[in-house]
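For the sequence shown, position 135 (counting from the first letter as 1) is numbered 144 according to our numbering, and the numbering increases by one without interruption.
Quick notes on the structure that follows.
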Amino acid sequence: MLGFHANYKKECEKFLSEESYIIDSKTDTEYLGRGMYFWEHKSKAVWWAKTHKKDSAAMIVSAELSLKNVLDLTDDDICEMMEKMYSYIDKSVVRKNFKEKNRKDSKGAMGIILDSIFEAFSPQMSKYDIVRAVKSYDGKPEASFLVLSPFTTKIVMILCAKTKAPIGARKRVL
């Protein structure tokens with residue numbers, strides 16, 4: 010699958026020139042934790058660059074992503090497994106991670122929870138190279154022809170590469 014990433018030009022240029030480099034979001038607490046984030050569509054990466062990065066300093070790159078070893082958080086069975094793992098985690102470790110990231114509560118801290126599960130169950134979780142999930146962006150404009158339907162463009166798929174293993178051919182897009 011082709012994934013799209015929006016970031017600052019300097020980071021993207023390094024990603025393109027160094028095959029072993031990934032743009033690791035070390036401080037992400039809201040989304041899927043540490044790793045490099047990709048959008049399923051170029052238009053989503055363009056939207057992200059315009060709303061979250063200074064346009065003049067942003068660049069969009071693409072990469073071929075292997076979906077062979079995906080932790081798919083859209084799958085009910087996977088979520089049930091993750092729920093069980095989370096129930097076994099020592100919550101003091103999660104609270105410590107919250108404090109280290111300066112979070113006062115768990116709202117919007119899925120990344121900390123996922124990183125804690127990956128850490129606590131590293132032998133089992135090391136088989137996953139990518140985490141896949143969907144997110145709703147309520148503030149994102151909707152396509153007018155979809156307004157009176159049950160369908161939406163406000164739900165987007167996000168992929169988080171935990172390692173460089175699933176990242177193949179890289180290209181500059183914009």
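Glycine is no exception: its CB is placed at the ideal position from the N, C-alpha and C atoms.
None of the values given here were measured: they were computed from a predicted structure.
Proximity winner among the options, relative to residue i (alpha-carbon distances)
i: Ile87; options: Tyr137, Ser52, Ile98; result: Tyr137
i: His50; options: Leu74, Ser101, Ala66; result: Leu74
i: Leu76; options: Phe107, Asn106, Ala170, Lys100; result: Ala170
i: Ala178; options: Ile31, Lys18, Tyr17; result: Ile31
i: Glu39; options: Met166, Phe160, Met119; result: Met119
i: Trp56; options: Ile176, Pro175, Pro150; result: Pro150
i: Gly148; options: Thr161, Phe154, Leu157; result: Thr161
i: Lys105; options: Pro132, Ile121, Tyr95, Asp84; result: Ile121
Span of the alpha helix (DSSP H), counted from its first residue to its last, around residue i
i: Arg104; result: 100-109
i: Val55; result: 51-61
Residues of its chain near residue i, where Cβ-Cβ distance is below 8 Å and the 5 sequence neighbours each way are ignored
i: Lys35; result: Arg43
i: Lys265; result: Residue 265 cannot be examined here, being either before or after the span of the chain that is shown, 10 to 183.
Sequence-distant residues of its chain with Cβ nearer than 6 Å to residue i (five each side left out)
i: Leu168; result: Gly12, Phe47, Ile139, Arg141
i: Val79; result: Ile139, Arg141
Helix, strand or coil at residue i [DSSP, three-state]
i: Ala174; result: coil
i: Lys86; result: Sequence check: residue 86 is Asp here, not Lys. Here Asp86 sits in helix by DSSP.
i: Phe24; result: helix
i: Leu168; result: strand
Where the beta strand (DSSP E) through residue i begins and ends
i: Gly120; result: Element bounds for Gly120: not the beta strand (DSSP E) but the alpha helix (DSSP H), 119-129.
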